[in-house]
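First to last, the protein sequences are chains A and B. The numbering of the first sequence is this note's numbering, which starts it at -3 and goes up by one. The numbering of the second sequence is this note's numbering, which starts it at 5 and goes up by one. This report concerns only the one structure given below.
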Amino acid sequence: MNLRFRMFRHLPVVGVLLLGAVPARAQQQLLVPMDDRQANALKAYGLVFNALRDGNKAEWLLNYRGGSFLLPDVSDVRKRATLDGISFQPISAPDVAALRTEIAAANMDVVSLERAPKIAIYKPLKSPPWDDAVSLALKYAGIDFTSVYDEEVMNGDLTKVDWLHLHHEDFTGQLNKLYLGFRDTPWFIEQRDAQLATARKLGMPNIPALKKQVAERMRQFVENGGFLFAMCGATETLALAIAAHQTDIAGSFADNTPVDEAADQKLDWDRSFGFRGVHLEPSPFVNSMSDIDGHQVNVPGRRQPLGQFSLFSFSAKFDPVATMLVQNHRNVIPDFYGVTTSFTRSTIKQGVTILAQEEGAPWAKYLHGDYGKGSFTFLGGHDPEDPQHNIGAAPTDLALHPSSPGYRLILNNVLFPAAKKKPLKT
Amino acid sequence: MSPGCQGAGGIRGTGNRVRCTADAARWTAGDRRQTAGAGRRGADGRWSWRVACAFVALLLWGASPLHAQATSVEAALTKALDLEGANKCREAIPFYRQALGSEDPVGAVLGLERCYAMVGRPDSLVPVIDSLLLRKPTDPTLRTVQLRTLSTIRRDDDLRAAFGQWTSLVPQDATPYRMYAQVLLEIGRARAVDSVLQEAARVLGSRKDLASEYAQMQSALGLWIPAARSWREAAETQSYLEQAAVFSLMPVPAALRDSVREIYRELPVTLGARRVLSGLELKWHAPRTAWDVLAELSPTDSVVAAWLEFAQEAEASEAWLTARDAFARVATARPKDRSLPLRAATVALNGGDPGSALAMLDRLSGPGDSAMAATVTLLRVRSLGALGRAREAQKELSAREATLDPEARRGAMRALAWAWIRGGDLEKARVALEAGGPNTEEGERVAAWLSLYAGAFADARRGLRRTDEPNNDVVTAMAFLSRTRVEQSPAAGAAFLTLARGDTSAAARAFEVVANEVKDAAPFLFGLAARLYATRAVADTAHAVLLWKLLVETHADAPEAAEAELAWARVLRQRSDAAGALAHLEHLILTWPQSALVPQARKEMDEVRGMVPRGGIVAGVPDTCSMPPAGAGSGSTER
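This is the structure we're talking about:
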C-alpha cells in the first residue's frame, strides 16, 4: 500500500470526524410553534416573512401545532425572534426527520415557503394609519408593504406587486352611503373632493365611474395571477363594481343619475368574484349595498347579532391552499362586525370555497376562490379584536392581542403567496 | 288598636296592617264623635249602647266570608314573600297565584314575575297577565310586566301587539312609549327604539316626556352628539338623571369629546349641565378642567353646594390641588365655616404645596374651638416644616403647645422633627422627636429615617422594615439597605438627607461620590444618581448617560444594568434618536433576556418602530368603516 493510498484510506474516518466537528447548530433548525405555547403568534408571521425576504427558506407545517414554521437556525432569525418575544425551539436533524414522519402519517403537510411576496395595500394617502386591520397586522408583524390608491392603480402599479389588500373601500363610488349622515363633516367633504378631483384628473366624470375602472384593474390583476385579499366592505363592493360594468348601480347623490331599475338583471356575475344572483339595495336611505352581507349592521331591523364562526378543516395533503388559509390555534372565533360582516350563502357562487361559517346561520364568513391565473380571499368584518368598531374609536393595540386568532387569518393570507406550488394531487 | 284588629291577631301581612290601621282610625274618629255627642247630650247610657253595637258589628264583619277571603289573600301574599325571601321560589308561586285575587294584585304579579324567572318559566306569566288585564286594562304596572315578559320570551309579534293595544287604550299617555322603549333598550334593540320614539313624538306632539329615553337610545347606538344633546335636555328637568348622563356619555371617543363639551357649554348656562360636564371631565381624567367648568358659575347656594360636592369627590380621587382650589372657593363663599380652609390646607399639603396650605391657614382669624386650634397648629407646623422653615415651626409650636392634647402634641413634634430634618439639623430633629413623648409607631418610623440620615444603617434597616408607607422614599431607602452589608456610612446617610431636603442636584452628586465608598451597593447608587441627574429639576442627562454607560459596561451583572439601558433608550427617544434608542432596546433584550424589563423594552421597541399605535386617536379622518353611520339610516328605521 503506497503512501497516497494510505492517506485516502483514512479519509472516511476524517470525514466523519470533520462532520462531528461541524457545530451542531448548523444541522439543527428552529421550530416556531403556533399553538398556545407561542407567545406572539402575529410576530411569528413577520419572522418568517423577513427570513424569506433575507433569502432564507422556510417551511410551513400545516396542521402541526397550529400551523408551525420551520426555519433555518441562523443568528439573524434567532436574534429577531428573541427581540420580538417569539417562542422558538431548536430542533435537531433527527428530530426534524421524526417530525416529518409524524406529519406524513397524519392530516398534515409540509409546504415550502420560498419568496417573500411583494405586498400592496389599497388605501388613500391621507387616511389615518390605523384604519384597517391589515395595516395594523402588517405593521405589528414588521412586514413591509407599499400603499397604492386610485392613481397608482390606474397607472399600472399593480403589476409590481404579488399581493393586494383592500379593506373598507366602496367600489360602487357611493362612499359607503355615508352622504346623508356625514355630508357636512369636514373629513367627508375632504374625502369626496379628493376622489372627485382624482376622477376628473383621470378623465372620468364622477367617483362611481372612477371606482368602476379601478375595480376593473383589480379584476385584471387577479386574472393575470395576482393574489387579492379583501375585508369588510371592499369584498362586496368590489364584486358589485366589477359585475356592474354594463349598468349604473350608484345612487343619484353620487353620480346625478338614479340606479338603473333593471340593474339586478344587468349585473354580470360571470365576470365578477365570488357571488351570483345578488339583489342590489337601491335606496340611498338604506345603509346597505346588497343582500350579499348577511348581518346588515347599519340597517335598522335587518341587523343580525354576532355569533361565532368556525374554521373548516381541510385535507392538508389534497387541499393545501385552503388549509394554509385556516391555520390557527383556535377553530371557533368570535365574530366581528364590518360594513360587510358576512356573505349570504344564497349569493355565493358554486366553486367558491367556504373557509369559515357560523354554524346554523345562513351566511359564511371567509371565502376563497380561483379566478383566471390568480385567486381572491374574502374575510367579512372590520377588526377581529374590535367587534363593534365605531367612528372615532381608538385603534386596536395588537400588543394587547399578540396571538389574536382573527388576525392570524389575515396573516395566513400574507404567507400563502410565498408557498411553492406543488403539483395538484386531485 | 281597634277591636277588629285584635280579632285578626296573628296576621302579619302588610295589607292587613294597613287595613287594621284604617279600622283603628275609623274607630278612634267615631269614638271622638261619640264622645262629643255624649258630652252635649249628657246621655252616657246611649253612648255605651252605641259602642257595644259597633263592637258587635265589627266582630260580625271580622267573621264574614268577605273578610275571611281578604284575609286569606293577604296571608297568601305574606307567605309567598316569606318563601321567596327564603329562596323557595317554586313553593312561593302557588301562594302568589292565590294572592292575585286581591283588589290590588300588583304585588303578587311582580312576585310571580320574579319567581317564574327564577324557575325558568317566564312564559307561565303570560296567561296570568292576560286575565288580570281584563279587569284592569290600563294598569301601567301590569302592562309593563306584560311587555317585559313578552320580551323575555322573545315573542316579538306579541310584544309589538301588546304595545299597540296599550297605546290604543291611552293614546295621549307617554308611559306606553317610555316603557316599550325601555324594554327594547334592555334587549339591545336600540334602532327599534328610534322608531318608537319618533312615533311617540308624532302622537304626543312633543318629545319632552321622552328625553331620557331618546338619550339612552342614542347612547346605545353610539350617536354621541345627539345623545349628549338629549341627555342635557333630560337632565335639565329631571336632575336625578345627571349621574345617568355622566355614565352614559363616559365612553364618548376622544375625537368627539370637544363636541360634547360644546353642547354642555351652550347657553343658557345651567348648573345641571355644568355638573354633567364636570362629571364627564372627571371620568375623562381631567380633574382640573372639571373644576374649571364649575368654577365659572356665580356662587349661588346650589352652586356652592355643587362646589363642595366636587371638592369632596376630587379629594376622594386624590386630585389634591384641584380639591384645594374647590375647597378654597367654597371657603370664600361660606366664610363662617372655619372647617373649609382647614380642609383646603390639608389637601394642599397632601398635594405637595405647603405654601398655599400656609396661605389658607393664614385666612383663619379669631379663636376657634380647641380641636380646631390643635388642627391648625399641626397643619401650620407641617407646612412650615415642608417649606424648610424649622425655626418658625418651632416658634409656632411653642406658642400654641398649650392648645394641644398629648396625641396632637406628639403629631406636632413629629412634624417639627421633619421640619428640622428638612432644615438639615438631625440633632434638633432627634430632640423634637424625644420631646413628643413615649415611643409610638410613628415616632419609631421617624427615628428610623433619622438613623438612615445619620448613616446608621442597622438601626435604619430595623425601623424601616416595619413601615408601611407607600412612597418612593421608602422603596429607595429599603432597596439601598438591602443591597449593602455596610453598617455605617455617614456620607451615604448625608446623601439621603440631602435628597430629603429637596436638593436633588447635590444629592445626585453625593450618591455618585458615595458609590465609590459603599462598593457593594455601587450599581444601585450609580443608578440612583443617574435617575436624579435625569430629573426635570436637574436636567443633566449628559451626566446621567455617563453613569448609565458605566452601569451597562462595567456592572453588567447588576440588576441596574438593564434599568440603565432602558432609561438611556428613553432619553434617546426623547431626543428623536430612534436608531440609538432601538440599539439600546435591542441590546437590553438580547443581553438580559430574563430581565423583568424585557416586556417593557419590547413594547417601547414596537412604538419606536411604529408597529403599534401610540394611543389615542390619530388626528385626521375618522374611520368610515364604522357603525353606526349617524343619521344615514334614520329614514328607514324599523320598529
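Heads up, the beta-carbon is just placed ideally off N, CA and C, and yes, glycines get one too.
Which of helix, strand or coil DSSP assigns to residue i
{"i": "Ala357/A", "result": "coil"}
{"i": "Glu165/A", "result": "coil"}
{"i": "Pro330/A", "result": "strand"}
{"i": "Asp366/A", "result": "strand"}
{"i": "Ile115/A", "result": "strand"}
{"i": "Trp56/A", "result": "strand"}
{"i": "Ala415/A", "result": "strand"}
{"i": "Gln85/A", "result": "strand"}
{"i": "Ser64/A", "result": "strand"}
{"i": "Asp105/A", "result": "strand"}
{"i": "Ile139/A", "result": "coil"}
{"i": "Ile245/A", "result": "coil"}
{"i": "Val28/A", "result": "strand"}
{"i": "Met227/A", "result": "strand"}
{"i": "Ser223/B", "result": "helix"}
{"i": "Phe167/B", "result": "helix"}
{"i": "Val256/B", "result": "coil"}
Beta-carbon neighbours of residue i, restricted to chain A and to distances below 8 Å
{"i": "Ala205/B", "result": "Within 8 Å Cβ-Cβ: nothing; Ala205/B doesn't reach chain A, min ~17 Å."}
{"i": "Asp610/B", "result": "Tyr136 and Ala395"}
Partner residues on chain A for residue i, Cβ-Cβ distance less than 7 Å
{"i": "Gly614/B", "result": "Lys135"}
{"i": "Glu590/B", "result": "Leu79"}
Contact set between residue i and chain A, taken where Cβ atoms lie within less than 9 Å
{"i": "Lys607/B", "result": "Ala395"}
{"i": "Glu190/B", "result": "Chain A residues near Glu190/B: none, gap ~15 Å exceeds 9 Å."}
Contact under 7 Å by Cβ, residue i with residue j
{"i": "Ala77/A", "j": "Phe65/A", "result": "no"}
{"i": "Trp324/B", "j": "Asn354/B", "result": "yes"}
{"i": "Ile245/A", "j": "Thr168/A", "result": "yes"}
{"i": "Ala230/A", "j": "Ser268/A", "result": "no"}
{"i": "Arg111/A", "j": "Ala414/A", "result": "yes"}
{"i": "Phe99/B", "j": "Ala121/B", "result": "no"}
{"i": "Met183/B", "j": "Lys135/A", "result": "no"}
Where residue i meets chain B, residues with beta-carbon distance less than 8 Å
{"i": "Thr78/A", "result": "Ile593, Leu594 and Pro597"}
{"i": "Gly347/A", "result": "The premise fails here: Gly347/A is roughly 29 Å from chain B at the closest Cβ pair, so nothing lies under 8 Å."}
Of the listed residues the options, nearest to residue i (C-alpha basis)
{"i": "Glu3/B", "options": "Leu301/B, Glu300/B, Val351/B and Asn520/B", "result": "One cannot answer for residue 3/B here, as it falls past the ends of chain B, which runs 5 to 643."}
{"i": "Ala481/B", "options": "Arg449/B, Ser509/B and Ala510/B", "result": "Arg449/B"}
{"i": "Thr304/B", "options": "Arg333/B, Gln316/B and His289/B", "result": "Arg333/B"}
{"i": "Arg278/B", "options": "Lys287/B, Asp262/B, Trp295/B and His289/B", "result": "Trp295/B"}
{"i": "Gly290/A", "options": "Gln170/A, Leu321/A, Gln353/A and Asp256/A", "result": "Gln353/A"}
{"i": "Gln187/A", "options": "Asp158/A, Trp159/A, Asp146/A and His161/A", "result": "Asp146/A"}
{"i": "Leu298/B", "options": "Trp288/B, Val280/B and Leu163/B", "result": "Val280/B"}
{"i": "Ala644/B", "options": "Ser199/B, Tyr537/B, Gly467/B and Trp453/B", "result": "Residue 644/B falls outside the range modelled here, since chain B spans only 5 to 643, and no answer is possible."}
{"i": "Val410/A", "options": "Val322/A, Gln384/A and Thr336/A", "result": "Val322/A"}
{"i": "Ala237/A", "options": "Asp251/A, Val70/A, Asp264/A and Pro90/A", "result": "Asp264/A"}
{"i": "Val2/B", "options": "Val435/B, Ile229/B and Ala330/B", "result": "The requested residue 2/B does not occur in the structure, where chain B is confined to residues 5 to 643."}
{"i": "Ala166/B", "options": "Leu137/B, Asp177/B and Ala178/B", "result": "Leu137/B"}
{"i": "Lys399/B", "options": "Ala585/B, Ala423/B, Leu501/B and Ile157/B", "result": "Ala423/B"}
{"i": "Arg211/B", "options": "Trp235/B, Ser223/B and Arg195/B", "result": "Trp235/B"}
{"i": "Asn283/A", "options": "Pro182/A, Gln209/A, Lys173/A and Gln216/A", "result": "Lys173/A"}
{"i": "Glu405/B", "options": "Leu601/B, Ala378/B and Val490/B", "result": "Ala378/B"}
Residues near residue i by beta carbon distance below 8 Å, same chain, minus five either side
{"i": "His275/A", "result": "Asp260, Ser286 and Asp287"}
{"i": "Ser371/A", "result": "Val218, Phe223, Leu224, Val317, His364 and Gly365"}
Contact set between residue i and chain B, taken where Cβ atoms lie within less than 7 Å
{"i": "Arg299/A", "result": "Arg195"}
{"i": "Gly81/A", "result": "Arg606"}
{"i": "Lys75/A", "result": "Leu594"}
6 Å Cβ shell around residue i - same chain, five flanking residues per side excluded
{"i": "Arg233/B", "result": "Ile267"}
{"i": "Val256/B", "result": "Trp228 and Val264"}
{"i": "Ala219/B", "result": "Ala231, Ser234, Trp235 and Ala238"}
Neighbourhood of residue i by C-beta distance below 7 Å, restricted to the same chain and skipping five residues each side
{"i": "Leu407/A", "result": "Leu38, Tyr41, Ala133 and Ala137"}
{"i": "Glu491/B", "result": "Phe461 and Ala462"}
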